[in-house]
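One structure is given here, and the rest of the page talks about it.
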Amino acid sequence: SVSELLGYPVEVENIIGHLVNCFSAVFKLRYDEGDIKCLAMLDALTG
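All residue numbers for the sequence shown refer to the numbering used here, where the first residue is 44 and numbers rise by one.
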């Protein structure tokens with residue numbers, strides 16, 4: 044797990060938040076924390 048790799052506890056929400064921020068920056072999407080439309084779009088992309 045990520046926690047074991049880093050050697051300290053990591054919350055899934057923190058990882059997902061950083062990934063969404065990076066994804067939105069790369070694809071120039073506007074993302075506000077808790078934006079349901081953005082999260083729904085990302086969910087649709089994962090199939």
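Note that beta-carbon positions come from the ideal geometry of N, C-alpha and C, so glycine has one too.
Mind checking whether VAL53 and VAL45 have CB atoms under 8 Å apart?
The residue you call residue 53 lines up with position 10 of the sequence shown. The residue you call residue 45 lines up with position 2 of the sequence shown. A contact, by the Cβ cut-off of 8 Å.
By DSSP, does GLY60 sit in helix, in strand, or in coil?
Indexing the sequence shown from 1 puts residue 60 at position 17. Three-state DSSP puts GLY60 in a helix.
Can you tell me where the alpha helix (DSSP H) with SER44 in it begins and where it stops?
In the sequence shown, residue 44 corresponds to position 1, counting from 1. That residue, SER44, is in no alpha helix (DSSP H); it is neither H nor E in DSSP.
Any chance the CB of ASN64 is under 7 Å from a heavy atom of the ligand GTP?
As presented, the structure is devoid of all ligands, the ligand GTP included, so that no description of it is given.
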